[in-house]
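Numbering (the working numbering), first residue to last: 1229 to 1344.
Here a beta-carbon is modelled for each residue, glycine too, at the ideal position from N, C-alpha and C.
Quantities reported herein were computed from a predicted structural model and do not represent experimental measurements.
Report on one structure; see the data block that follows.
Spelled out as structure tokens, the structure:
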């Protein structure tokens, strides 16, 4: 069961000796979504992540569910992202100003609501 032994030896094995996530850094609230189903022979932690992320799931939630340190989960997520098994999206990327309604339209809507 993942998380049953958080000894340095086990974590070293889970990450295959890597101690840093890949250059595409995930933060705690990055949302992860599965793009491909787990396959036979896949590392068990990778398969569990794919199972957890059928719907958008934050990195911190994945770490909690796997009972692994966030730093280890980030390394595992990097593996999955490099093989296109997941997509990652940060929720702070809001619509740009170009996609927002113009100010005149908003004023007209406000005026119409006030007349109701």
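- Residue 1317 and residue 1278 do not touch by the CB rule: their CB atoms are close to 16 angstroms apart, not below 8 angstroms.
- Here DSSP, grouped into helix, strand and coil, assigns residue 1282 to coil.
- When secondary structure is reduced to three states using DSSP, residue 1295 falls in the coil class, being assigned neither helix nor strand.
- Cα atoms of residue 1258 and residue 1311: separation of roughly 18 angstroms, rounded to the nearest angstrom.
- Nearest C-alpha to residue 1288 among 1333, 1309, 1255 and 1330: 1255.
- The C-alpha of residue 1295 lies about 22 angstroms from the C-alpha of residue 1315.
- DSSP places residue 1315 inside the beta strand (DSSP E), whose first and last residues are 1314-1317.
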